[in-house]
Amino acid sequence: MNKIISIDGGGTKTLGVLYNTSGDELKRTTKGSSNFAVSVDDAYQSLKGVIDELISEDVKSIQIGLSGFSMIPNLDNLIKSLEDLYHTHVYIYPDAYLGLYSAYDPLLPLIYVVGGTGSIVYSLVDNEFNRYGGYGHLFGDPGSAYGFVMDVFLDCLKKLDNQKRLNKVQADLLKHLNLRTNQELIGYAHKVKKQEIAGLARFITSYTHTYVDQKIKKQAMIIAKSIEQVAKAQRIQNNFLLALRGGFLESAPNLKEEVLNYLNKKEIKYILNRDIKEAVYGGYMLSKLSKGKEF
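What follows is the structure, given as structure tokens:
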């Protein structure tokens, strides 16, 4: 029976899964980072390590989604080296493709929203892929955990500047970080990585407080309006499949519900994707759709 290998290559780990023609998982393995923007040599070794543990004679294609895709020095050379080494077809895509195609339905346009540490929206309409947003934390990353926390930080700074009293959530947040002044907060925000700032979203959303509710609703409106704008830009008139992904979207209290409430009030026609599969499953779907179709 023919098989395919799908690899989700990320900045933290590289996950590989072996599938049969029906999409059943047969085996999986993980290695270190395969982000070519960080280290070409390390990324290549992680890919090889994953493939070495999954490869067999009946593997007819290897589908790879890579973070740092644009930083691969020579994509054609990478593909050729892997094909020569493993004697099978190799396809390499930006990592976003795997997540996108894990929710793919050939009968419906797809809008795929990621609200995690950062934020981005993708559309897949008539097999045409487009991305919206995803400008990174230097532009604020609205609709993300990072954007949410930075919005709270900005409120704190304004109150500290004007010598106004912080609310309980703000005061506890600064105490948690051992910060007292606006200068200390500014220094902290400039010093630490965006992931550390985004991670504070869990601390903030653990509070039952009207201030937190307001801040969550603000991010929900940003996300919902971006979905509305993408649907208009793609001229989607009827139902589209909506996939909401990312730790912030999935864990922040009522965030997803607020997004859907806005879409419902605007009478935007969507079908919520509830069959949530791992991004790596998208490689299996891509194997069926690639021009070198194996199955």
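So for the sequence shown, UniProt numbering puts the first residue at 1; every next one is plus one.
Just so you know, even glycine gets a beta-carbon here, dropped at the ideal spot from N, CA and C.
Mind checking which residues open and close the alpha helix (DSSP H) that includes LYS218?
-> Its alpha helix (DSSP H) spans residues 210-233.
Apply the 10 Å Cβ neighbour rule to ALA231 and answer buried if 16 or more other Cβ atoms are within range, or exposed otherwise.
-> Classification for ALA231: buried.
Grouping DSSP H, G and I as helix and E and B as strand, with all else coil, what is ILE186?
-> In the displayed model, ILE186 falls within a helix according to three-state DSSP.
For SER119 versus ASP141, is the C-beta distance shorter than 8 Å?
-> One thing to note: SER119 has its Cβ within 8 Å of the Cβ of ASP141.
If we call anything under 8 Å between Cβ atoms a contact, is VAL169 one with ILE204?
-> For VAL169 and ILE204, yes; Cβs fall inside 8 Å.
Have a look at GLY16 and ASP275 and give me their C-alpha separation to the nearest angstrom.
-> Those two C-alpha atoms are separated by around 21 Å.
Have a look at the DSSP bridge pairing and note the partners of GLY115.
-> Answer is SER119.
Beta carbon of ILE227, beta carbon of VAL121: below 8 Å?
-> Their beta carbons are under 8 Å apart, which means ILE227 touches VAL121 by this criterion.
DSSP-derived helix/strand/coil call for LEU124 | Three-state result, LEU124: strand.
Which one of GLU196, PHE153 and LYS193 has the shortest CA to CA distance from ARG180?
-> Of all alpha-carbon atoms in GLU196, PHE153 and LYS193, the one lying nearest the alpha-carbon of ARG180 is that of PHE153.
Among residues of its own chain, excluding the 5 on either side of PHE36, which ones have a beta-carbon nearer than 6 Å to its beta-carbon?
-> Excluding sequence neighbours, PHE36 sits near ALA43, GLY68, MET71 and ILE72.
May I ask which residues mark the beginning and end of the beta strand (DSSP E) holding THR30?
-> 25-31 is the span of the beta strand (DSSP E), which, as asked, contains THR30.
Measure the C-alpha to C-alpha separation of residue 296 and SER34 and round it to an integer number of angstroms.
-> Any answer about residue 296 is impossible in this case: the structure gives the chain only from 1 up to 295.
Residue range of the unbroken beta strand (DSSP E) whose run includes TYR93 | 89-94 is the span of the beta strand (DSSP E), which, as asked, contains TYR93.
Of the residues THR117, LEU124 and ASP95, the one placed nearest LEU107, counting alpha carbons only = Closest option to LEU107, Cα to Cα, is LEU124.
In chain order, what residues of the same chain lie with their CB nearer than 7 Å to the CB of ASP58, ignoring the 5 residues before and after it?
-> Taken in chain order, the residues that qualify are MET1, ASN2 and LYS3.
Quick one: which unbroken alpha helix (DSSP H) runs of 4-plus residues sit fully inside the stretch 48-106? Chain order, please.
-> Whole alpha helix (DSSP H) segments, 4+ residues: 75-86 and 95-102.
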